[in-house]
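Participant:
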């Protein structure tokens with residue numbers, strides 16, 4: 005008895021990634037679950053930005069602000085504070101989720117954050133947002149979004165954060 009070969013197992017479909025996730029209204033947000041968008045804009049994390057963040061947060065650890073010492077350190081260069089990279093989420097994700105008839109988007113919180121790859125001074129970063137869930141709220145909808153911050157040329161993201169955004173209809 006011979007058996008027919010069905011060939012190799014097909015790869016799972018690649019998730020759709022757009023430059024913007026568009027939905028017509030807050031009521032249509034559930035249709036965005038599973039959709040992703042990647043920013044076309046790269047943001048440079050230069051030493052001046054790192055130094056300014058250190059001044060604001062009073063975190064002047066040498067791995068961030070002493071280029072000479074950091075060059076001989078574990079990362080071979082100064083690196084951005086993890087919280088600096090996290091604080092860039094608003095600019096990195098701006099415009100990735102476009103919902104019609106909305107008065108505002110409000111940061112509601114974070115469910116988790118992991119810092120995976122250091123961001124060296126001078127590196128460029130951008131974000132990919134994936135809508136992972138939508139919950140009704142008395143004020144509109146709480147949208148859960150997984151944000152991955154890519155470092156240009158790195159194998160792993162700088163960080164992955166599970167964010168929650170309150171979307172308030174007009």
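In the working numbering, the protein residues as written are 5 to 174.
Think of the CB as a built atom: it goes at the ideal place given N, C-alpha and C, for glycine as much as any other residue.
Quick check: the segment 33-46 against the segment 107-119, are there 3 or more CB pairs under 8 angstroms?
Facilitator: Output reads no: the segment 107-119 does not touch the segment 33-46.
Participant: So, are the CB atoms of residue 125 and residue 49 less than 8 angstroms apart?
Facilitator: If you number the chain shown from 1, residue 125 lands on position 121. If you number the chain shown from 1, residue 49 lands on position 45. Against a cut-off of 8 angstroms, the Cβ pair of residue 49 and residue 125 comes out as a contact.
Participant: Looking at residue 174: is its Cβ nearer than 8 angstroms to the Cβ of residue 105?
Facilitator: In the chain shown, the residue the question calls residue 174 occupies position 170. In the chain shown, the residue the question calls residue 105 occupies position 101. Going by C-beta atoms, residue 174 is nearer than 8 angstroms to residue 105.
Participant: Give me, in chain order, the residues of the same chain whose beta-carbon lies closer than 8 angstroms to that of residue 89; leave out the 5 immediate sequence neighbours on both sides.
Facilitator: Locating residue 89 in the chain shown gives position 85, counting from the first residue. 49, 119, 123, 129, 153, 162, 163.
Participant: Counting C-beta neighbours from all protein chains within 10 Å, is the total for residue 171 16 or more, i.e. buried, or is it exposed?
Facilitator: For the purposes of this step, residue 171 is taken as the residue at position 167 of the chain shown. The residue in question, residue 171, is buried, as its Cβ has 16 or more Cβ neighbours within 10 Å.
Participant: Considering only DSSP beta bridges, list what residue 109 is partnered with.
Facilitator: As a first step, residue 109 must be located in the chain shown, where it is residue number 105. Answer is 171.
Participant: What three-state label does DSSP hand residue 117 in the structure shown?
Facilitator: Indexing the chain shown from 1 puts residue 117 at position 113. The answer is strand: DSSP assigns residue 117 an E or B state.
Participant: What whole-angstrom Cβ distance do residue 30 and residue 137 have, given they're in contact under 8 angstroms?
Facilitator: For this step, residue 30 is matched to residue 26 along the chain shown. For this step, residue 137 is matched to residue 133 along the chain shown. Going by Cβ atoms, the distance from residue 30 to residue 137 rounds to 14 angstroms, so no, they are not a contact pair.
Participant: Beta carbon of residue 47, beta carbon of residue 101: below 8 angstroms?
Facilitator: Taking the first residue of the chain shown as 1, we reach residue 47 at position 43. Taking the first residue of the chain shown as 1, we reach residue 101 at position 97. Not in contact: residue 47 and residue 101 (Cβ atoms no closer than 8 angstroms).
Participant: So if DSSP puts residue 38 in a beta bridge, which residue, or which two residues, is it bridged to?
Facilitator: What you label residue 38 is simply residue 34 of the chain shown in a count that begins at 1. DSSP lists no partner for residue 38.
Participant: Is residue 82 buried or exposed, if buried means 16 or more other CB atoms sit within 10 Å of its CB?
Facilitator: Working through the chain shown from its first residue, we reach residue 82 at position 78. Result: buried.
Participant: May I ask you to report which of helix, strand or coil DSSP gives residue 45?
Facilitator: For the purposes of this step, residue 45 is identified with residue 41 of the chain shown, where counting begins at 1. Three-state DSSP puts residue 45 in coil, outside helix and strand.
Participant: Which value, in whole angstroms, describes the spacing of the CA atoms of residue 55 and residue 87?
Facilitator: For the purposes of this step, residue 55 is taken as the residue at position 51 of the chain shown. For the purposes of this step, residue 87 is taken as the residue at position 83 of the chain shown. Each residue's alpha carbon lies about 13 angstroms from the other.
Participant: Cα separation between residue 149 and residue 58?
Facilitator: Here residue 149 is taken as the residue at index 145 of the chain shown, counted from 1. Here residue 58 is taken as the residue at index 54 of the chain shown, counted from 1. One C-alpha to the other measures close to 28 angstroms.
Participant: Suppose you measure from the CA of residue 133 to the CA of residue 157; what does that come to, to the nearest Å?
Facilitator: Taking the chain shown and counting its residues from 1, one reaches residue 133 at position 129. Taking the chain shown and counting its residues from 1, one reaches residue 157 at position 153. Cα to Cα, residue 133 sits roughly 19 angstroms from residue 157.
Participant: Which value, in whole angstroms, describes the spacing of the CA atoms of residue 169 and residue 63?
Facilitator: Stepping through the chain shown from its first residue, residue 169 is reached at position 165. Stepping through the chain shown from its first residue, residue 63 is reached at position 59. Going by the C-alpha atoms only, they are around 28 angstroms apart.
Participant: Please go through the segment 38-98 and give each complete alpha helix (DSSP H) segment of 4 or more residues, from N-terminal end onward.
Facilitator: Correct list: 51-61, 66-69, 71-75, 86-91, 93-97.
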